[in-house]
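Note sheet for the following structure.
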Amino acid sequence: MKHTGRLVLSDGAEISVIGGGPSGTFFSIFALKMAKMIDKKIKVTIFDPKDFTKSGPAGCNRCGGVISELLVQTLAVEGINLPDTVIQRGISSYMLHTAKGSVKIASPSFEKSIATVKRGEFRKNAEEPHKESFDHFLLREAVKLGACHEPVRIDRIGYDNGRPLLYSKDKIVHKSDLVVGSFGVNSTGAGMFEALGFGYKKPGTIITAIAELDLGEDRVSEFFGNSIHIFLLPLKGVKFAAMVPKGGHVTVCILGKKTDSDTVDAFLNHEIVRKVLPEGSFSGPACRCLPRMSVSAPKAPFTDRVVICGDAGSTRLFKDGIGAAYVMGKAAAKTAVFEGIGRDDFKAGYEPVYNEIKTDNYFGRYLFGITDLYKKYGIMTSGMVAVVEDEQNDSRSPKILSSILWNMFTGNERYKDIFKTAVSLPMHLDLWKEFARGIFRRGV
Ligand SMILES: Cc1cc2nc3c(=O)[nH]c(=O)nc-3n(C[C@H](O)[C@H](O)[C@H](O)COP(=O)(O)OP(=O)(O)OC[C@H]3O[C@@H](n4cnc5c(N)ncnc54)[C@H](O)[C@@H]3O)c2cc1C
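Residue numbering for the sequence shown follows the numbering used here, starting at 7 and increasing by one per position.
Set out below in structure tokens:
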């Protein structure tokens, strides 16, 4: 479609949101709130075939379900308070497991301010029927504000007089003034936006693994408590893995380049992982899947009357995808409501936010490259564990390496800021001291 100059949302404008995951619902919540502020009447329809109250794939947006401290606080400021019925567990520490030992990294704020939530239900007859999935909660918030949810999969977009038309099974289901593409990376949704010809190409992805361990509330509390366990193990094809404690189960997430259906078994059978789990007391994962994760951002995430956000656009590398969905959903809504819905409006209002996440990931890539070296070489792994141990045991220590690792795996800090901390000279002196000790011990 040709660029047509100034386009704005007028009273009664129709917005179609394709995908009711976090980015689609955050967009809808903010668009409706902002439009109300300036007394503009808009209609928001969220299309998503999933029913987030159902168990199994029909209601699940596969994810680790860790909500960073920053996002929990930001949402509270926005008036979106996560209720106890959504929070599965508060997290106060990370347990880092390496081939050279394990070390606990306590939350710098000494509060259980990271929340774990579920993005789906794997049990047919859930023990926790009172617990709601995060996606269902956000969708309900959007509906409370006036959005309409249509349980429909959109499979084609066309145009009528410059206005987008949404199709499902060859039937027109909606005529829109603005289409928001928030379809993630685990569907064929990207194809219909590629077909519009404005230059959008689906993001690069890797295949990850998720497994749910149904241990029961008592054992999750006994063996995991309020700690997320991170594994930096020299396992082939695995970058890192995490075990995220929920109410009565633990979500295992494995990220790497060569993840397949055997990766989960190889990981769970690793001697260091087995030590973390209750001995011989569970019969393997109750549920497992291999979702895609976005690792690169498309160049053209908008055109006139179309904007892409969330995983289908740019997201944070290996962490805080939900936080990125919030940032992008809000920026897209702000631009659409206050500026306009033309390509130039999105370029001015939305693209800087989109690009900020993209640029930050360059620093993330570099930092994960360094983490790989620490995982690969035993002397470096031992040095890292020793320095973190010293920092954690000394209450007056500045805890530089601990905070770098904490921020690498939680969503609190941008990679760019972690990078600035990572060039700290005192921390490197401590690490070199530990490497020298390791080399000396090896020599002896
Ligand atoms: C293994 C793994 C672990 C992760 N762990 C975390 C974590 O702990 N914390 C965190 O913050 N992030 C995590 N993420 C990232 C997080 O899951 C995503 O960043 C986040 O879900 C993106 O939200 P979204 O709304 O863009 O996409 P999604 O959550 O994927 O939602 C897309 C929605 O669009 C719908 N849809 C798709 N196509 C269509 C269509 N054609 N028509 C209508 N609807 C459609 C789908 O049904 C779905 O509901 C993890 C990701 C993976 C793979």
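Even for Gly, the Cβ is constructed at its ideal location relative to N, Cα and C.
Residue i CB to nearest heavy atom of ligand 1 below 7 angstroms
i: Ile314; result: no
i: Asn67; result: yes
i: Met249; result: no
i: Glu286; result: A small fix is needed here, since residue 286 is Gly in this sequence, not Glu. For ligand 1, not one heavy atom lies less than 7 angstroms from the Cβ of Gly286.
i: Met433; result: no
i: Ile120; result: no
i: Ala318; result: yes
i: Thr321; result: yes
i: Asp54; result: yes
i: Ser188; result: yes
i: Cys259; result: yes
i: Thr214; result: yes
i: Asp378; result: no
i: Asn192; result: yes
i: Ile328; result: yes
i: Ala331; result: yes
i: Met386; result: no
i: Ile48; result: no
i: Ser29; result: yes
Through-space distance from residue j to residue i, alpha-carbon basis
i: His434; j: Arg448; result: 21 angstroms
i: Gly222; j: Ala248; result: 18 angstroms
i: Val256; j: Ile234; result: 10 angstroms
i: Phe36; j: Val191; result: 23 angstroms
i: Lys364; j: Lys207; result: 15 angstroms
i: Val301; j: Ala330; result: 13 angstroms
i: Ala342; j: Met43; result: 14 angstroms
i: Lys242; j: Lys382; result: 11 angstroms
i: Ser22; j: Ile212; result: 28 angstroms
i: Val149; j: Ala19; result: 17 angstroms
i: Lys405; j: Ile385; result: 21 angstroms
i: Asp310; j: Ala354; result: 13 angstroms
i: Tyr173; j: Leu76; result: 38 angstroms
i: Arg125; j: Met414; result: 22 angstroms
i: Leu184; j: Tyr372; result: 37 angstroms
i: Arg402; j: Asp396; result: 11 angstroms
i: Val226; j: Val333; result: 32 angstroms
i: Tyr442; j: Ser388; result: Strictly speaking, residue 442 in this sequence is Ala, with Tyr absent from that position. Cα-Cα distance, rounded: 11 angstroms.
i: Val282; j: Pro432; result: 33 angstroms
i: Ala201; j: Thr194; result: 12 angstroms
i: Met40; j: Ile48; result: 10 angstroms
i: Ile410; j: Val158; result: 43 angstroms
Assigned exposure category for residue i - 16 Cβ within 10 Å defines buried
i: Phe33; result: buried
i: Arg12; result: exposed
i: Ser182; result: buried
i: Trp412; result: buried
i: Ile97; result: buried
i: Ser113; result: buried
i: Asp436; result: buried
i: Tyr100; result: buried
i: Arg349; result: buried
i: Cys69; result: buried
i: Glu379; result: One detail in the question is off: residue 379 reads as Leu in this sequence, not Glu. It counts as exposed.
i: Val391; result: buried
i: Lys252; result: buried
i: Tyr421; result: buried
i: His9; result: Because His9 sits at a pLDDT of 46, beneath the cut-off of 50, its placement in the model cannot be relied upon, and the following sentence gives the value as read from the coordinates. Exposed, since its Cβ has fewer than 16 Cβ neighbours within 10 Å.
i: Cys66; result: buried
i: Ser16; result: exposed
i: Ile445; result: exposed
i: Lys177; result: exposed
Rounded distance between the beta-carbons of residue j and residue i, thought under 8 angstroms
i: Leu451; j: Pro297; result: Because residue 451 is not part of the residues shown, which for the chain are 7 to 450, the question remains open.
i: Ile93; j: Val50; result: Contact flag wrong, Cβ pair sits at about 27 angstroms.
i: Thr269; j: Ala215; result: 5 angstroms
i: Phe204; j: Ile314; result: Contact doesn't hold; Cβ gap of about 10 angstroms is too wide.
i: Val72; j: Val250; result: 6 angstroms
i: Leu102; j: Ile236; result: 5 angstroms
Given residue i as reference, the closest of the options once Cα atoms are compared
i: Gly62; options: Arg129, Gly25, Asp310; result: Arg129
i: Phe53; options: Pro28, Gly126, Phe229, Ala337; result: Pro28
i: Gly370; options: Asp351, Phe324, Lys353, Ser388; result: Phe324
i: Phe230; options: Val258, Val244, Pro170, Gly210; result: Val258
i: Lys137; options: Ser119, Leu171, Lys60; result: Lys60
i: Val244; options: Ser430, Val186, Ala442, Thr377; result: Thr377
i: Pro209; options: Ile160, Ala217, Asp317; result: Asp317
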